[in-house]
């Protein structure tokens, strides 16, 4: 609360606080923090990253148990929806590399499925992660290899 009361115009601080709350599972509190961001700052990169973090956390929570999705993908590797849902769940469970690999595999099988859904989800993951993170760098390479093959 101190960031908000002392520096309500510190967009970097608000975005960071919201992302920290997401990391603690406090999605409603994170949303409340972002609701205080002035409208003209709503598209600031730190605020946007926090918004994506909240959305991904909610999607991941909605996925729940990953076992049925893992079984569905194992039974039918072309089940892109199950693979996408599994990737979101894995990412939320901090199994980021596996999540990225599933989306890259989906792109290999059918790059354009559901209006490039796998690529768009990968970009959302990368936006959440540090650009210098080894998992990000490796994932971007894998995605590029599929896109430019």
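Residue numbers (our numbering): 1 to 149. Even for Gly, the Cβ is constructed at its ideal location relative to N, Cα and C.
Residue 51 classed as buried or exposed, judged by whether at least 16 other C-beta atoms fall within 10 angstroms: What you label residue 51 is simply residue 51 of the chain shown in a count that begins at 1. Looking at its Cβ environment, which holds 16 or more other Cβ atoms inside 10 Å, residue 51 is buried.
Cα-Cα, which of 35, 12, 58 is closest to residue 27? As a first step, residue 27 is located in the chain shown; it is residue number 27 there, counting from the start. That would be 58, whose Cα lies nearest to the Cα of residue 27.
Given 8 Å as the limit, is there contact between the segment 64-71 and the segment 97-117, that is, 3 or more CB pairs closer than that? With a cut-off of 8 Å, the segment 97-117 and the segment 64-71 do not count as touching, because too few Cβ pairs lie within range.
Roughly how many angstroms lie between the CA atoms of residue 6 and residue 55, to the nearest whole one? As a first step, residue 6 is located in the chain shown; it is residue number 6 there, counting from the start. As a first step, residue 55 is located in the chain shown; it is residue number 55 there, counting from the start. Because the pLDDT of residue 6 is 47, which lies under 50, any placement of that residue in the model is unreliable, and the question is left without a value.
Can the beta-carbon of residue 60 be found less than 8 Å from the beta-carbon of residue 92? The count along the chain shown starts at 1 and reaches residue 60 at position 60. The count along the chain shown starts at 1 and reaches residue 92 at position 92. Taking a C-beta distance under 8 Å as the contact criterion, residue 60 and residue 92 qualify as a contact pair.
Is residue 132 helix, strand or coil by DSSP? For the purposes of this step, residue 132 is identified with residue 132 of the chain shown, where counting begins at 1. Reduced to three states, the DSSP call for residue 132 is coil.
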